[in-house]
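> Residue numbers (the working numbering): 87 to 201. Idealized CB from N, CA, C, for every residue including glycine.
(1) Which term fits residue 94, buried or exposed, when burial requires 16 or more other beta carbons within 10 angstroms of its beta carbon?
(2) Does the region 98-113 come into contact with the region 122-142, if we say contact requires no fewer than three beta-carbon pairs (one atom in each stretch) closer than 8 Å?
(3) At the level of alpha carbons, what is the spacing between residue 154 and residue 111?
(4) Nearest-angstrom Cα distance between residue 133 and residue 92?
(5) Based on Cα-Cα distance, which residue from 157, 152, 131, 118 lies nearest to residue 109?
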């Protein structure tokens, strides 16, 4: 007989959020990950002296949801620095900043791509 009600396969950020909500709801949850560390695409590996980000880890979309507050992630050390600009983007011809203020971003894009 297993010691859990639900098995979550993988310890990526989406699986961990799912497991946390299930645990909050009273389920006994087992999380199973093939790698030595959790995080899935939101983790970093070291290879031959270089560090590689395995996937996108800007944490932009999660901040538009109640997940961070509902799971009280600040209790576990999660802290966000409020950056402005948010990030630097580019295409084959130009580069630009994406600012917190969408109008500022739009103005910058309009300078580079008028019309």
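With the structure as the only source:
(1) By the 10 Å Cβ count, residue 94 comes out buried.
(2) Cβ pair count under 8 Å is three or more, so yes.
(3) Distance between the alpha carbons of residue 154 and residue 111: 17 Å.
(4) About 34 Å.
(5) It is 157 whose Cα lies nearest to the Cα of residue 109.
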